[in-house]
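Line by line, the protein sequences are chains H and P. Using this note's numbering, the first residue of the first sequence is number 1, and each one after it goes up by one. Using this note's numbering, the first residue of the second sequence is number 1, and each one after it goes up by one. Built from N, CA and C at the ideal position, the CB exists for glycine as well. Everything below concerns the one structure shown next.
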Amino acid sequence: MDYRDRFELKEYRQEQRLSRRVVLFHVGVFLLVVGYLLRFWHLQVSQGEEYARLAENNRLRRVAIAPTRGVIFDRNGEVVASTRPSLNLVLQREGLKDADRQLRRLESVLEIPYASLRERLDQIRSRPSYEPLTLKEDVGLTELAQVEARRDWFPSVLVETASRRTYPDGKAVAHAVGYVGEVSEADLALQREGLFQGDIVGKSGIERAYDEVLRGRRGWNLVEVNSLGRQIGEPRTGTPPQNGGQLRLSVDVSLQRALIEALGEETGAGVFLDPWTGEILALASTPAYDPNVFASSVTAQIWQGIAQDPGHPLQDRALTSAYAPGSTFKVVMAIAGLETGAIGPGTSVYCSGSANYYGRNFLCWKKGGHGTVSVHEALVQSCNVFFYMVGKQTGIDAIHKYGDMMNLGRLTAVDLPGEGKGVLPSPEWKQRLRGEPWYAGETISLAIGQGLLAVTPIQMATMISAVATGKVPRPHLARERTQEATPLAVSPATLAIVRAALADVVEAGTGRRASLGPIPVAGKTGTAQVFKKSAGIDADELPKDERDHAWFVGYAPATKPEIAFAVIVEHGGHGGTSAAPIVRHVLETYFADRLPPPEEGGDKLRAGVLRPNGAGSAATPAAR
Amino acid sequence: MLRRRLLASLDLHIVVATLSLAAIGILAIASATLDQPGRSGLWLAQSTWFALALLAAVAVVSVDYHLWAEFSFLLHGAVVVLLGLVLLLGKEVGGNRSWLVIGPITFQPSELAKWSTCLVLATYLSERGRAGVGVRQLLEMGALAGIPMALIALQPDMGTALTFVPIYVAALVLGGLRFKVLVAGTILALLLAPLAWGHLKDYQRERILTVLNPDRDPSGIGYQVRQSKIAIGSGGLMGKGLFEGTQSRLNFLPAQHTDFVLSVVCEDLGFLGAAGVLGLFYYLLFRGIASARSAQDRLGMYICLLVVAWLSGQLAINVGMVLGLLPTIGVPLPLMSYGGTALLAAMAGIGLVVNVSARRFVN
Numbered sequence: 001m002d003y004r005d006r007f008e009l010k011e012y013r014q015e016q017r018l019s020r021r022v023v024l025f026h027v028g029v030f031l032l033v034v035g036y037l038l039r040f041w042h043l044q045v046s047q048g049e050e051y052a053r054l055a056e057n058n059r060l061r062r063v064a065i066a067p068t069r070g071v072i073f074d075r076n077g078e079v080v081a082s083t084r085p086s087l088n089l090v091l092q093r094e095g096l097k098d099a100d101r102q103l104r105r106l107e108s109v110l111e112i113p114y115a116s117l118r119e120r121l122d123q124i125r126s127r128p129s130y131e132p133l134t135l136k137e138d139v140g141l142t143e144l145a146q147v148e149a150r151r152d153w154f155p156s157v158l159v160e161t162a163s164r165r166t167y168p169d170g171k172a173v174a175h176a177v178g179y180v181g182e183v184s185e186a187d188l189a190l191q192r193e194g195l196f197q198g199d200i201v202g203k204s205g206i207e208r209a210y211d212e213v214l215r216g217r218r219g220w221n222l223v224e225v226n227s228l229g230r231q232i233g234e235p236r237t238g239t240p241p242q243n244g245g246q247l248r249l250s251v252d253v254s255l256q257r258a259l260i261e262a263l264g265e266e267t268g269a270g271v272f273l274d275p276w277t278g279e280i281l282a283l284a285s286t287p288a289y290d291p292n293v294f295a296s297s298v299t300a301q302i303w304q305g306i307a308q309d310p311g312h313p314l315q316d317r318a319l320t321s322a323y324a325p326g327s328t329f330k331v332v333m334a335i336a337g338l339e340t341g342a343i344g345p346g347t348s349v350y351c352s353g354s355a356n357y358y359g360r361n362f363l364c365w366k367k368g369g370h371g372t373v374s375v376h377e378a379l380v381q382s383c384n385v386f387f388y389m390v391g392k393q394t395g396i397d398a399i400h401k402y403g404d405m406m407n408l409g410r411l412t413a414v415d416l417p418g419e420g421k422g423v424l425p426s427p428e429w430k431q432r433l434r435g436e437p438w439y440a441g442e443t444i445s446l447a448i449g450q451g452l453l454a455v456t457p458i459q460m461a462t463m464i465s466a467v468a469t470g471k472v473p474r475p476h477l478a479r480e481r482t483q484e485a486t487p488l489a490v491s492p493a494t495l496a497i498v499r500a501a502l503a504d505v506v507e508a509g510t511g512r513r514a515s516l517g518p519i520p521v522a523g524k525t526g527t528a529q530v531f532k533k534s535a536g537i538d539a540d541e542l543p544k545d546e547r548d549h550a551w552f553v554g555y556a557p558a559t560k561p562e563i564a565f566a567v568i569v570e571h572g573g574h575g576g577t578s579a580a581p582i583v584r585h586v587l588e589t590y591f592a593d594r595l596p597p598p599e600e601g602g603d604k605l606r607a608g609v610l611r612p613n614g615a616g617s618a619a620t621p622a623a624r
Numbered sequence: 001m002l003r004r005r006l007l008a009s010l011d012l013h014i015v016v017a018t019l020s021l022a023a024i025g026i027l028a029i030a031s032a033t034l035d036q037p038g039r040s041g042l043w044l045a046q047s048t049w050f051a052l053a054l055l056a057a058v059a060v061v062s063v064d065y066h067l068w069a070e071f072s073f074l075l076h077g078a079v080v081v082l083l084g085l086v087l088l089l090g091k092e093v094g095g096n097r098s099w100l101v102i103g104p105i106t107f108q109p110s111e112l113a114k115w116s117t118c119l120v121l122a123t124y125l126s127e128r129g130r131a132g133v134g135v136r137q138l139l140e141m142g143a144l145a146g147i148p149m150a151l152i153a154l155q156p157d158m159g160t161a162l163t164f165v166p167i168y169v170a171a172l173v174l175g176g177l178r179f180k181v182l183v184a185g186t187i188l189a190l191l192l193a194p195l196a197w198g199h200l201k202d203y204q205r206e207r208i209l210t211v212l213n214p215d216r217d218p219s220g221i222g223y224q225v226r227q228s229k230i231a232i233g234s235g236g237l238m239g240k241g242l243f244e245g246t247q248s249r250l251n252f253l254p255a256q257h258t259d260f261v262l263s264v265v266c267e268d269l270g271f272l273g274a275a276g277v278l279g280l281f282y283y284l285l286f287r288g289i290a291s292a293r294s295a296q297d298r299l300g301m302y303i304c305l306l307v308v309a310w311l312s313g314q315l316a317i318n319v320g321m322v323l324g325l326l327p328t329i330g331v332p333l334p335l336m337s338y339g340g341t342a343l344l345a346a347m348a349g350i351g352l353v354v355n356v357s358a359r360r361f362v363n
């Protein structure tokens with residue numbers, strides 16, 4: 001093989017190698033294209049539907065349409081809560097320029113602090129920019145004019161229509177109706193059906209209890225948007241909102257007004273109900289708050305003001321606060337004594353002002369004693385010594401049985417959230433909870449409604465209803481919720497004795513300040529000891545916050561009960577002096593068309609209710 | 001006489017495929033941007049460039065490729081000078097100094113560099129005679145491709161710089177570089193990769209990591225890839241119809257008319273559109289390879305294969321990126337992505353291939 005041949009061979013091999021490489025390259029390109037096509041097939045055909053759904057969600061935004069919350073009426077068809085249109089000033093965050101300048105101008109025009117606006121704007125920075133920042137809710141025409149007049153100052157400030165919950169009677173219905181607000185993270189976490197961020201829900205009272213009825217369901221509009229969230233074209237209708245349902249309450253707003261007026265500046269609570277059906281006619285707790293303030297988002301300042309108020313206005317004392325019933329418990333004691341046969345209608349006791357049991361001296365509130373008293377007189381004059389005896393003779397087990405029968409220490413199952421249970425003590429309960437045995441002396445204290453006993457005003461209203469009708473009703477606020485009352489296993493004879501005594505309490509005893517004249521009222525006063533030292537001291541002479549809590553429970557008319565009640569005034573002193581006049585004011589409103597027109601107007605009553613310091617001297621012992 | 005013969009031997013397959021792809025590109029650009037404020041004129045601008053590119057391609061075809069090869073070093077040198085000028089005088093857009101402004105025209109010399117690099121490497125290979133590829137050739141060709149690449153990397157336009165790699169590797173392979181050497185070089189490059197990782201910018205690392213895990217950053221780079229996949233996938237088999245794609249029209253898809261133009265086609269025209277575009281590209285490349293095989297000499301063959309390597313490399317990277325298989329590196333789709341210089345350079349490149357195939361008969 002000569003040189004030339006070798007050269008050609010090399011050339012030939014090179015040529016061949018090159019050709020091989022070109023083929024290889026060609027195959028490579030082919031495989032690449034086929035591979036990519038398979039991938040396209042996978043994305044577009046195999047997973048096409050899934051991606052189509054993603055694309056649809058990308059461009060269609062669901063914009064919520066808030067439902068209109070249902071109207072709440074009282075028993076006479078008067079509006080208790082409704083929704084009205086309102087205007088909000090909002091800051092459009094999309095395309096926002098010189099935010100600081102606009103916010104500072106707002107401070108000067110509307111006096112909204114710049115710092116708080118800036119802070120709120122920063123807080124929602126991570127939210128989508130199409131969501132505006134609410135600057136001020138429910139602006140009036142003056143404020144609107146102030147902004148509109150300087151339109152060029154506020155390129156990003158818009159007026160938005162919204163709706164707002166209103167309560168025409170404000171404070172008067174606060175604790176019965178409750179208030180609404182934006183749904184909390186906690187409620188959302190519980191995933192209550194159909195709840196979304198930003199929804200307005202009931203926060204307390206009826207608004208919360210019947211939220212499902214009242215709220216309705218939000219609807220949606222579908223809006224086509226671009227990647228910046230800017231709306232393109234007209235909104236398409238999605239699902240229309242379902243407005244909330246109406247609710248009719250058993251309450252009578254005129255009685256609510258009378259009750260809140262009568263409670264006035266006092267701290268306390270009152271429950272008025274139909275003793276036969278359990279329909280609540282009025283329910284209030286003071287100090288009250290104005291539910292209109294909460295109508296939508298509350299500023300932190302207002303919230304703190306309410307939450308940190310030493311009077312705890314948000315607390316519904318009618319349901320959640322448990323107090324010692326004091327002498328009002330003597331009603332239960334009398335029934336328990338008579339029913340068990342521990343005492344009879346003629347049983348009498350001599351009251352010398354105190355009695356000794358188990359080596360301890362138990363005082364009667366009247367220093368000189370009541371003399372010889374029967375069960376009737378003992379109830380009318382609220383004699384402690386008689387009931388110490390009843391307690392000893394009846395025994396704790398029977399007392400517990402009858403208290404429990406009349407719904408003390410257990411939930412009344414009223415249709416309001418947050419009801420408290422209170423305590424009706426028993427030896428077994430004490431052993432279980434405190435690990436201590438029951439002492440006999442405790443039964444003696446219990447007999448006059450002190451000691452470990454603690455009851456809520458609504459329980460007391462239920463108890464006294466049972467006395468009035470012979471049946472234990474189920475209290476409720478929503479009209480249609482009527483439940484059958486449970487018959488009370490107490491003989492008519494026993495009830496007759498107790499009812500007669502209760503009528504005399506108002507007629508001639510400690511509750512005379514509740515007297516209505518032609519319409520007989522039955523009731524029982526009570527004084528719940530706050531401090532040990534108050535025993536035996538005239539409560540009205542103590543400083544206000546050391547005075548005992550004052551109770552008045554009862555029903556009217558005494559002969560044919562239509563309305564039963566329980567009122568407590570914290571640190572009110574004696575039930576007869578502070579609680580009874582409150583009841584009378586409400587009853588006067590209730591029986592307005594059956595009573596002769598007042599001769600001197602309501603002034604006399606109001607003086608009694610508001611009771612300026614020193615007025616206590618007017619309360620002679622005989623007046624109790 | 002000569003003209004008529006040239007015209008008769010033109011590869012019409014390549015011409016039709018090229019014009020179709022450019023036309024589909026313009027349609028896709030229009031679909032994605034027509035109703036967007038400030039962008040509605042883009043399709044018209046691209047059409048104008050298309051006309052210019054057509055003229056350039058005709059000019060490239062008219063002159064015998066041997067003459068182009070004779071001037072290749074001069075041309076390449078001129079382009080390198082332009083790349084230097086870009087760094088000094090260029091216009092900066094989005095952090096990259098890649099554009100030269102001359103009067104009303106804004107153009108990217110880096111795109112021209114791809115064309116001149118193909119030409120100069122083909123000339124180098126054909127003039128190298130019968131010698132194989134030794135260290136010297138490796139380095140000399142490295143300099144020819146590497147200098148413009150480095151200048152582009154300084155802009156910094158890593159995506160465009162990267163497209164020089166397939167051209168360079170193809171030149172080495174064509175030059176007869178032993179597979180052993182090639183494999184060794186690849187291994188060496190892989191070993192050096194961790195070093196390069198340290199030199200990458202944070203956002204570049206982020207892009208690489210996002211390919212491995214697309215949900216890593218759903219609002220940033222991951223967002224782009226995800227939206228691209230949504231655009232492609234939601235097109236389904238038949239597509240939503242031209243001008244109907246919501247992903248691109250509503251601006252969910254970033255860079256929809258440039259690097260992600262294929263996503264627009266896939267959204268509007270579905271899998272059929274994707275298959276059509278890939279089919280046209282395959283056909284174009286296949287005809288390019290065929291032209292190489294029938295070339296009258298080594299120079300013609302090298303030119304064809306290097307241009308094919310350039311286009312297929314860019315195709316592979318862009319489609320991989322659009323499908324979320326490769327990092328989002330900013331490589332446009334040849335012929336279709338918005339960008340005048342890129343269109344012009346690609347058509348001028350294809351013009352070289354047509355040139356070679358039209359002169360396949362030794363006369």
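Item: Under 8 Å (Cβ pairs) to chain P, residues found in the segment 26-40 of chain H; Value: 26, 29, 30, 32, 33, 36, 37, 39, 40
Item: Of the residues H:566, H:587, H:235, the one placed nearest residue 519 (chain H), counting alpha carbons only; Value: H:587
Item: Candidates H:136, H:98, H:165, H:114: closest to residue 153 (chain H) by CA position; Value: H:98
Item: Chain H within 8 Å of residue 229 (chain P), Cβ atoms only; Value: yes
Item: Bounding residues of the beta strand (DSSP E) (the contiguous stretch that carries residue 136 (chain H)); Value: 133-136
Item: Whether residue 425 (chain H) touches residue 451 (chain H) by CB criterion (8 Å); Value: yes
Item: Beta-carbon contacts of residue 320 (chain H) that lie in its chain and below 8 Å, excluding the five residues immediately before and after; Value: 418, 419, 420, 456
Item: Span of the beta strand (DSSP E) around residue 549 (chain H); Value: 549-556
Item: Chain H residues whose Cβ lies nearer than 8 Å to that of residue 232 (chain P); Value: 40, 43, 44, 51
Item: Top-ranked residue by Cα proximity to residue 206 (chain P), from P:326, P:101, P:190, P:19; Value: P:326
Item: Extent of the continuous beta strand (DSSP E) to which residue 527 (chain H) belongs; Value: 522-528
Item: Option nearest residue 581 (chain H) by Cα separation, candidates H:558, H:550, H:557, H:595; Value: H:550
Item: Buried versus exposed call for residue 238 (chain P) [16 or more other C-beta atoms within 10 Å across all chains shown]; Value: exposed
Item: Residues near residue 8 (chain H) by beta carbon distance below 8 Å, same chain, minus five either side; Value: none
Item: Cβ shell of residue 10 (chain P) (< 7 Å), same chain only, five flanking positions each side left out; Value: 354, 358
Item: CB contact check: residue 22 (chain H) to chain P, cutoff 8 Å; Value: yes
Item: Cα-Cα separation, residue 568 (chain H) to residue 269 (chain H); Value: 5 Å
Item: Check whether residue 349 (chain H) and residue 389 (chain H) have beta carbons under 8 Å apart; Value: yes
Item: Paired residues, beta bridge with residue 351 (chain H) - DSSP; Value: H:371
Item: Between the CA atoms of residue 26 (chain H) and residue 15 (chain H) - distance to the nearest angstrom; Value: 16 Å
Item: Cβ-Cβ distance between residue 273 (chain H) and residue 279 (chain H) below 8 Å; Value: yes
Item: Proximity of residue 173 (chain P) and residue 21 (chain H) at Cβ, strictly below 8 Å; Value: yes
Item: Partners in chain H for residue 282 (chain P), counting only beta-carbon separations shorter than 8 Å; Value: 29, 30, 33
Item: Residue nearest to residue 245 (chain H) in terms of C-alpha spacing, selected from H:118, H:80, H:198, H:70; Value: H:70
Item: Closest Cα partner of residue 132 (chain H) within the set H:119, H:287, H:91; Value: H:91
Item: Contact set between residue 293 (chain P) and chain H, taken where Cβ atoms lie within less than 9 Å; Value: 19, 22
Item: Alpha carbon of residue 162 (chain H) to alpha carbon of residue 181 (chain H), nearest angstrom; Value: 14 Å
Item: For residue 628 (chain H), the first and last residue of its enclosing beta strand (DSSP E); Value: Here chain H has residues from 1 to 624 only, and residue 628 (chain H) is not among them.
Item: Reference residue 148 (chain P), options P:132, P:117, P:233, P:341, closest by Cα; Value: P:117
Item: Distance between residue 63 (chain P) and residue 7 (chain P) (C-alpha atoms, nearest Å); Value: 13 Å
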